[in-house]
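Numbering (our numbering), first residue to last: 603 to 1247. C-beta atoms are modelled at their ideal positions from N, C-alpha and C, and glycine is treated no differently. Have a look at the structure below before the remarks.
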């Protein structure tokens, strides 16, 4: 029996495992790199062990350090969470070799699925349908998907639509795969742009029972990484669903699988499905399965690791529908670039449970590895939280989740919150017309910001004025000429500048562009306005020049404009500045080269992903200030492109 568990991971999955251990009465140890010394998962465990290392992102991948930490803490078992080490057969063997219980599948099963190409051959031999790896792709095979054989998470993947793109795509994928997974093996398969990514949750014990615990549709992806997941998969007929479950069970039995895992399939538009890979671990999206079944998948992992059988021959039937949205610190409108900074506030209204599923047919769950005050840095994935809604119907779950995201107060780095809400309300999504290119097809529409709410900007100005009055002998904006209006300027997230001009007369507030708007109340943190007899409240928070305005209709983020800007400050229109902290991975041009708008000039690596920096216009690369391996901070001058005459 497990009495003391070390969680060999960080963030929300570490907190998720810790929560189940508290419920079961199991002592816990967390591990942390220096940036996580005061992280929630570090504080919530009974004990914590520091992982030494100069590169914080790599310390969690050091199996030797993790085994040593478990032994030092007196743990008798290790749970790898999810991530690379959870699918590392050598790490599993090291844990077992140290006399510890490994909460995962047998090392041999992990090794069997460790290479996607080898896994395809094994599954084909077992009778599971697969997409063939293409040794010598031809024009007839286009489009192609280049994939890393040893990894996942979107790294080492490239879409190829012309054969002349294949060689550079292979080179880039190999470089990224070698850096991310320690293996540069890649392969090609046919790319189905409108295919669906459907996976089956598996649980197997050492007594011969294998559960297929429903399926999840994970088709809404960006950069081949999942963003919105749901269960059951919409639009599947009973025969296809049964065949998927049977294929997943066959895959598990073929490799002697035990524990929790996921068989992933690509469902083609013609209804046929093909095995992609098996994730020999718990998945990020496991909460949706828990919400419709009432199961605690982590508790079942621990039960199987202790040698116990699953509690029944068959899993419980799902009830209702659940949808998960991954909230990332990133900017979808600018190539999904990750964002860093301090998370000042994360408040999701209506949450009924955290890291578990509350009883009932309807609810809202939050799994998050961060909290107000957390620093969102460059070392780790930019996932802030997973928000999960479950309800009797798919439409009800989508509505509940979209509304919660709209009402959420998220102050700090830019997030994908608005895109998530727009996707959940999109007619195509609501009709179940989902596929892996859905977000790429609709990115422009889903990220089309209508601009800041003018009334929210007015509320920001009135709240700022109220804050300015506090402690002053004269009212904020006091003038010798009372006929002149007060004026405040703000820049919205899309770069639009707004000027608010208002005065107070005998009839109260007189704001330009807001006829008939009546000020009911103005405090530094809350403003109530009445427009046409409809009263609305706005909550206002400021962090330096950054102003967040929240209302039931949504959020508005503004930057206060300095009333007296330095005229000497000018931006070179051809200057390319680092949009985030990161490391220069490689360059693709040299000084003096003629470049075209959109041409990649260099790549930055940040938050486990590569990000292209492209030429802003046709012209000449006049300056290149960085080299591969160089670390840069936001705003660092990377290059200068002189536009063509």
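*Only counting runs of 4 or more residues, tell me where the alpha helix (DSSP H) segments fall wholly within the region 890-970, in order along the chain.*
899-907
*Helix, strand or coil: which one does DSSP assign to residue 620?*
Here residue 620 corresponds to residue number 18 of the chain shown, with the count starting at 1. Three-state result, residue 620: helix.
*Report the rounded CA-to-CA distance for residue 620 versus residue 609, giving the unit in angstroms.*
Along the chain shown, read from residue 1 onward, the residue named residue 620 stands at position 18. Along the chain shown, read from residue 1 onward, the residue named residue 609 stands at position 7. Their Cα atoms are separated by approximately 8 Å.
*Where residue 553 falls: helix, strand or coil (DSSP)*: With the chain running from 603 to 1247 in the structure shown, residue 553 is simply not present.
*Which of helix, strand or coil does DSSP assign to residue 615?*
On the chain shown, residue 615 is found 13 positions in, with the first residue counted as 1. It is helical.
_Taking the alpha carbon of residue 981 as the reference point, which residue from 1236, 1207, 823 has its own alpha carbon closest?_
By one-based count along the chain shown, residue 981 stands at place 379. Closest by alpha carbon: 1207.
_Three-state secondary structure (DSSP) of residue 630_ = For the purposes of this step, residue 630 is taken as the residue at position 28 of the chain shown. Of the three classes helix, strand and coil, the one that applies to residue 630 here is strand, per DSSP.
*Between the beta-carbon of residue 1090 and the beta-carbon of residue 1063, is there less than 8 Å?*
As a working mapping, residue 1090 is identified with position 488 in the chain shown. As a working mapping, residue 1063 is identified with position 461 in the chain shown. Yes.
*asked:* If I follow the unbroken alpha helix (DSSP H) through residue 712, where does it start and stop?
replied: For the purposes of this step, residue 712 is taken as the residue at position 110 of the chain shown. Its alpha helix (DSSP H) spans residues 709-714.
*asked:* Runs of 3 residues minimum, wholly inside the region 773-825: which ones carry the beta strand (DSSP E) assignment?
replied: 788-792, 798-806, 812-824
*Between the Cα of residue 1221 and the Cα atoms of 1035, 885, 1200, which residue gives the shortest distance?*
Here residue 1221 refers to the residue found at position 619 when the chain shown is read from its first residue. Check the Cα spacing between residue 1221 and each of 1035, 885, 1200: the tightest is with 1200.
*Looking at the structure shown, is residue 717 part of a helix, part of a strand, or coil, going by DSSP?*
Sequence index remark: in the chain shown, residue 717 carries index 115 (1-based). The answer is coil: DSSP assigns residue 717 none of H, G, I, E or B.
*Kindly indicate the opening and closing residues of the beta strand (DSSP E) around residue 650.*
The residue given as residue 650 occupies position 48 in the chain shown. Unbroken beta strand (DSSP E) run through residue 650: 649-652.
*Is any heavy atom in the ligand ZN found nearer than 7 Å to the beta carbon of residue 1157?*
No copy of the ligand ZN occurs in the structure displayed, which carries no ligand at all.
*Start and end residues, alpha helix (DSSP H) containing residue 1019*: Along the chain shown, one-based indexing puts residue 1019 at 417. Its alpha helix (DSSP H) spans residues 1019-1027.
*Closer than 8 Å, CB to CB, is residue 1059 near chain B or not?*
Any reference to chain B falls outside this structure, which holds one protein chain only.
*Spatial neighbours of residue 658 in its chain, beta-carbon cut-off 7 Å, leaving aside the 5 residues before and after*: Translated into positions along the chain shown, residue 658 becomes position 56. Closer than 7 Å at the Cβ level, and outside the excluded window around residue 658, lie 635, 636, 637, 981.
*Does the beta-carbon distance from residue 1010 to residue 925 come in below 8 Å?*
Taking the chain shown and counting its residues from 1, the one referred to as residue 1010 is at position 408. Taking the chain shown and counting its residues from 1, the one referred to as residue 925 is at position 323. The Cβ atoms of residue 1010 and residue 925 do not sit closer than 8 Å to each other.
*asked:* So, with DSSP's three-state summary, where would you put residue 725?
replied: For this step, residue 725 is matched to residue 123 along the chain shown. It is helical.
_Residue range of the alpha helix (DSSP H) that includes residue 1132_ = Walking along the chain shown from the start, residue 1132 turns up at place 530. The continuous stretches of alpha helix (DSSP H) do not include residue 1132, which lies in the beta strand (DSSP E) extending over residues 1128-1133.
*What are the boundary residues of the alpha helix (DSSP H) that residue 842 is part of?*
As a position in the chain shown, residue 842 is number 240, starting the count at 1. Start and end: 840-856.
*Taking DSSP as the reference, what is the three-state secondary structure of residue 993?*
For the purposes of this step, residue 993 is taken as the residue at position 391 of the chain shown. Residue 993 falls in the strand class under three-state DSSP.
*Can the beta-carbon of residue 1087 be found closer than 8 Å to that of residue 1114?*
The residue given as residue 1087 occupies position 485 in the chain shown. The residue given as residue 1114 occupies position 512 in the chain shown. Yes, the pair counts as a contact, with Cβ atoms nearer than the cut-off.
_Can you tell me whether residue 597 is helix, strand or coil according to DSSP?_
This structure does not reach residue 597, given that the chain is present from 603 up to 1247, and the question cannot be answered.
*Does the Cβ-Cβ distance between residue 912 and residue 811 come in under 8 Å?*
Along the chain shown, one-based indexing puts residue 912 at 310. Along the chain shown, one-based indexing puts residue 811 at 209. Result yes, Cβ atoms of residue 912 and residue 811 sit closer than 8 Å.
*Reducing DSSP to helix, strand and coil, say where residue 1207 ends up.*
Locating residue 1207 in the chain shown gives position 605, where the first residue counts as 1. Correct three-state label for residue 1207: strand.
*Between residue 718 and the rest of its own chain, which residues show a CB-CB distance below 6 Å, the 5 nearest in sequence each way excluded?*
Taking the first residue of the chain shown as position 1, residue 718 is located at position 116. Only 751, 879 meet the Cβ criterion.
_residue 670 vs residue 680 beta-carbon contact at 8 Å_ = Walking along the chain shown from the start, residue 670 turns up at place 68. Walking along the chain shown from the start, residue 680 turns up at place 78. Their beta carbons are not under 8 Å apart, which means residue 670 does not touch residue 680 by this criterion.
*Taking the runs of the alpha helix (DSSP H) that are 4 residues or longer, which of them lie wholly in the region 668-705?*
Complete alpha helix (DSSP H) runs here, min 4: 691-699.
*Using 8 Å as the threshold, is the region 1034-1044 in touch with the region 793-807, meaning 3 or more CB pairs across them?*
yes
*In terms of residue numbering, what span does the alpha helix (DSSP H) encompassing residue 833 cover?*
For the purposes of this step, residue 833 is identified with residue 231 of the chain shown, where counting begins at 1. DSSP places residue 833 outside any alpha helix (DSSP H); the residue lies instead in the beta strand (DSSP E), whose first and last residues are 827-833.
*Could you round the C-beta distance between residue 1026 and residue 986 to whole angstroms and report it? I think they count as a contact, below 8 Å.*
The residue labelled residue 1026 in the question sits at position 424 within the chain shown. The residue labelled residue 986 in the question sits at position 384 within the chain shown. Contact check for residue 1026 and residue 986: beta-carbon distance about 17 Å, past the 8 Å limit, so the pair fails to qualify.
*Using three-state DSSP, classify residue 1176 as helix, strand or coil.*
The residue you call residue 1176 lines up with position 574 of the chain shown. Coil.
*In the DSSP assignment, find the alpha helix (DSSP H) that holds residue 1245 and state where it starts and stops.*
If you number the chain shown from 1, residue 1245 lands on position 643. No alpha helix (DSSP H) holds residue 1245; the beta strand (DSSP E) holding it covers 1239-1245.
*Look at residue 741 and residue 765 and say whether their C-beta atoms are less than 8 Å apart.*
Within the chain shown, residue 741 is the residue found at index 139, counting from 1. Within the chain shown, residue 765 is the residue found at index 163, counting from 1. Cβ distance < 8 Å, so residue 741 and residue 765 count as in contact.
*Contacts around residue 1171, its chain only, beta-carbon distance under 6 Å, and the 5 residues preceding and following it disregarded*: The residue labelled residue 1171 in the question sits at position 569 within the chain shown. Interpretation of residue 1171 is limited by its pLDDT of 43, a score under 50 that renders its predicted location unreliable; no figure is taken from the coordinates.
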